[in-house]
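Structure, as structure tokens:
Protein chains: 2
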Amino acid sequence: MEKAHQDIEKRIAEKGIRPTRQRLRVLAYLADIPCHPTVDQIYSALRQDMPDLSRTTVYNTLDVFLKAGLVRSLTISSHEACYEYALNQHSHFLCEHCGKIYDFNISITPITDHDLDGFQIHDKHVYFKGICPKCF
Amino acid sequence: MEKAHQDIEKRIAEKGIRPTRQRLRVLAYLADIPCHPTVDQIYSALRQDMPDLSRTTVYNTLDVFLKAGLVRSLTISSHEACYEYALNQHSHFLCEHCGKIYDFNISITPITDHDLDGFQIHDKHVYFKGICPKCF
DNA sequence: GTTCCTGCAAAAGCTTTGCAGAAGA
DNA sequence: TCTTCTGCAAAGCTTTTGCAGGAAC
Numbered sequence: 037m038e039k040a041h042q043d044i045e046k047r048i049a050e051k052g053i054r055p056t057r058q059r060l061r062v063l064a065y066l067a068d069i070p071c072h073p074t075v076d077q078i079y080s081a082l083r084q085d086m087p088d089l090s091r092t093t094v095y096n097t098l099d100v101f102l103k104a105g106l107v108r109s110l111t112i113s114s115h116e117a118c119y120e121y122a123l124n125q126h127s128h129f130l131c132e133h134c135g136k137i138y139d140f141n142i143s144i145t146p147i148t149d150h151d152l153d154g155f156q157i158h159d160k161h162v163y164f165k166g167i168c169p170k171c172f
Numbered sequence: 037m038e039k040a041h042q043d044i045e046k047r048i049a050e051k052g053i054r055p056t057r058q059r060l061r062v063l064a065y066l067a068d069i070p071c072h073p074t075v076d077q078i079y080s081a082l083r084q085d086m087p088d089l090s091r092t093t094v095y096n097t098l099d100v101f102l103k104a105g106l107v108r109s110l111t112i113s114s115h116e117a118c119y120e121y122a123l124n125q126h127s128h129f130l131c132e133h134c135g136k137i138y139d140f141n142i143s144i145t146p147i148t149d150h151d152l153d154g155f156q157i158h159d160k161h162v163y164f165k166g167i168c169p170k171c172f
């Protein structure tokens, strides 16, 4: 845990981001949990021992991390963005019944080599939707 | 054009959806244009000769079509949903500079056969983001 | 005639903005 | 000290909801 938090500080420093208390906590939270929290989930969780934390700060912080490539934002659920620590790239499955998001791996290749000629690709997202085994 | 609109009526009838004037127009609009309009774009375009059209109706209509599988909704742009006529399945590229969405084709396969064991898949979305050739 | 749909207004939910005070370098 | 960040409140947008009148069958 201590080790993990040192890594967090290092990753923030590497990007030239000022390591405020709030930023360290947000990134540590994302790195620690295996799910894909919304802004409100991050806010509610951290607020338990940071009573002064504001939603605006969570939004600002995630935006800073997003631009630095430290986190990724998922738009799989249409009405609220989810965030995850940008460790390894993977795909996401949204259960339309319980709302849970699962990770899985997939390989993607253009049908023809020319499909994306001249496009500069920054980010790839693969979203599947359906019903998960638990809800089936 | 006449032909196309007959097809629209047929597709709506096949799904057991009551073919109101508004529904026919929304689906015809989506079938006619090659892009991926937002609710507001659909609303503004149709309102020009349907002055009484309401945004609520556009939302309701798209929801009915979505459940029937006649249209697909894209959540590639995080703050507003886009819609397209569900003809053939393809992938989408969002230019982060001009906001334009491009279609392209891609093949996707799970890394292992077990990745999605027991998952009932309803929908697959592949979103790439970056800079398009025009903005590069 | 009955059912379902539409349009309006209001409300709800997520996100952004403006700004004064506080924290970091 | 100077810059940047935080927290609060208010505003902005997209989307949903409730309901009376209207259209479809």
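Chains as they are written, first to last, in my numbering: chain X, 37 to 172; chain W, 37 to 172. Glycine included, every Cβ here is placed at the ideal spot set by N, Cα and C.
Residue-level contact to chain X via CB, residue i, 9 Å cutoff
i, result
"lysine 165 of chain W", "yes"
"asparagine 141 of chain W", "yes"
"threonine 148 of chain W", "yes"
"glutamine 156 of chain W", "yes"
"threonine 145 of chain W", "yes"
"aspartate 76 of chain W", "no"
"proline 73 of chain W", "no"
"valine 162 of chain W", "yes"
"proline 70 of chain W", "no"
"proline 55 of chain W", "no"
Spatial distance of residue i from residue j (CA atoms)
i, j, result
"proline 146 of chain W", "tyrosine 138 of chain X", "14 Å"
"cysteine 118 of chain W", "threonine 74 of chain W", "4 Å"
"leucine 60 of chain W", "alanine 104 of chain W", "14 Å"
"arginine 54 of chain X", "tyrosine 79 of chain X", "20 Å"
"serine 109 of chain X", "cysteine 71 of chain X", "12 Å"
"cysteine 1 of chain W", "cysteine 171 of chain W", "Nothing can be reported for residue 1 of chain W: it is not among the residues displayed for chain W, which extend from 37 to 172."
"glycine 154 of chain W", "aspartate 88 of chain X", "44 Å"
"threonine 97 of chain X", "valine 62 of chain X", "8 Å"
"tyrosine 65 of chain X", "histidine 133 of chain W", "31 Å"
"leucine 106 of chain W", "asparagine 141 of chain W", "20 Å"
"aspartate 76 of chain X", "glutamine 58 of chain X", "15 Å"
"methionine 86 of chain W", "lysine 46 of chain W", "22 Å"
"asparagine 124 of chain X", "alanine 67 of chain X", "12 Å"
"tyrosine 163 of chain X", "serine 113 of chain X", "10 Å"
"glutamate 120 of chain X", "lysine 136 of chain W", "26 Å"
"arginine 83 of chain X", "arginine 91 of chain X", "10 Å"
"glycine 52 of chain X", "aspartate 43 of chain X", "14 Å"
"leucine 152 of chain X", "histidine 126 of chain W", "13 Å"
"isoleucine 157 of chain W", "phenylalanine 129 of chain X", "9 Å"
Range of the contiguous alpha helix (DSSP H) that encloses residue i
i, result
"aspartate 68 of chain W", "57-68"
Within-9 Å CB hit, residue i to chain W
i, result
"valine 62 of chain X", "no"
"glutamate 132 of chain X", "yes"
"lysine 136 of chain X", "no"
"aspartate 153 of chain X", "yes"
"aspartate 99 of chain X", "no"
"aspartate 159 of chain X", "yes"
"proline 169 of chain X", "yes"
"methionine 37 of chain X", "For methionine 37 of chain X, the predicted model reports a pLDDT of 49, less than 50, meaning its position is unreliable; a value from the coordinates is still stated below. It does not: the Cβ of methionine 37 of chain X has no partner Cβ on chain W nearer than 9 Å."
Span of the beta strand (DSSP E) around residue i
i, result
"lysine 160 of chain W", "156-167"
Check: residue i C-beta below 8 Å from any heavy atom of the ligand PLP
i, result
"histidine 115 of chain W", "In the structure shown, the ligand PLP is absent, as is every other ligand, since no ligand is present at all."
What are the residues of the stretch 102-118 of chain W that lie near chain X, defined by any Cβ-Cβ distance shorter than 8 Å? Ser109, Thr111, Ile112, Ser113, Ser114 and Ala117
Inside the stretch 70-141 of chain X only - alpha helix (DSSP H) runs reaching at least 4 residues: List check, alpha helix (DSSP H) in window: 75-83 and 91-104.
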